[in-house]
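Numbering (the UniProt record's numbering), first residue to last: 1 to 112.
Built from N, CA and C at the ideal position, the CB exists for glycine as well.
All of these numbers come straight from a predicted model, not from anything done at the bench.
Below: one structure, written as structure tokens.
Written as structure tokens, this is what we have:
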């Protein structure tokens with residue numbers, strides 16, 4: 001999805017921000033794709049931790065819970081780093097959040 005042709009998808013005020021062109025556009029798309037992946041990892045880890053919290057863990061499962069917690073911490077750190085990279089292009093996490101919501105909504109529509 002090219003950001004140049006998607007001005008209607010931008011949050012309010014985005015059109016007043018500096019435009020993203022050429023190679024920078026590709027970098028922003030890469031960052032957004034990585035953010036989408038990390039957000040899915042984060043969501044999955046949070047869901048697993050909820051399951052662990054609602055059920056009594058069997059022997060050996062405590063190690064698995066610790067691994068999931070580590071994955072969640074790593075995903076959160078990567079998300080922060082990627083959001084900082086977006087900020088370098090003059091884009092806020094508001095843009096990332098808005099864009100990710102649209103990607104999820106469009107992929108959901110495509111599966112119907």
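| task | Please confirm whether residue 71 and residue 31 have their CB atoms less than 8 Å apart. | result | no
| Ends of the alpha helix (DSSP H) at residue 82? | 61 to 88
| query | Is it true that the segment 67 to 82 meets the segment 31 to 44, where meeting means three or more beta-carbon pairs spaced less than 8 Å apart? | reply | By the criterion of at least three beta-carbon pairs nearer than 8 Å, the segment 67 to 82 is in contact with the segment 31 to 44.
| Among residues of its own chain, excluding the 5 on either side of residue 65, which ones have a beta-carbon nearer than 6 Å to its beta-carbon? | 52
| request: Please go through the same chain and pick out, in chain order, the residues whose beta-carbon is closer than 6 Å to the beta-carbon of residue 34, but skip the five residues on each side of it. | output: Cβ neighbours of residue 34 beyond the five flanking positions: 82.
| query | For the putative contact between residue 49 and residue 69, defined by C-beta atoms under 8 Å, what is the C-beta separation to the nearest angstrom? | reply | 7 Å
| In three-state DSSP terms, what is residue 58? | coil
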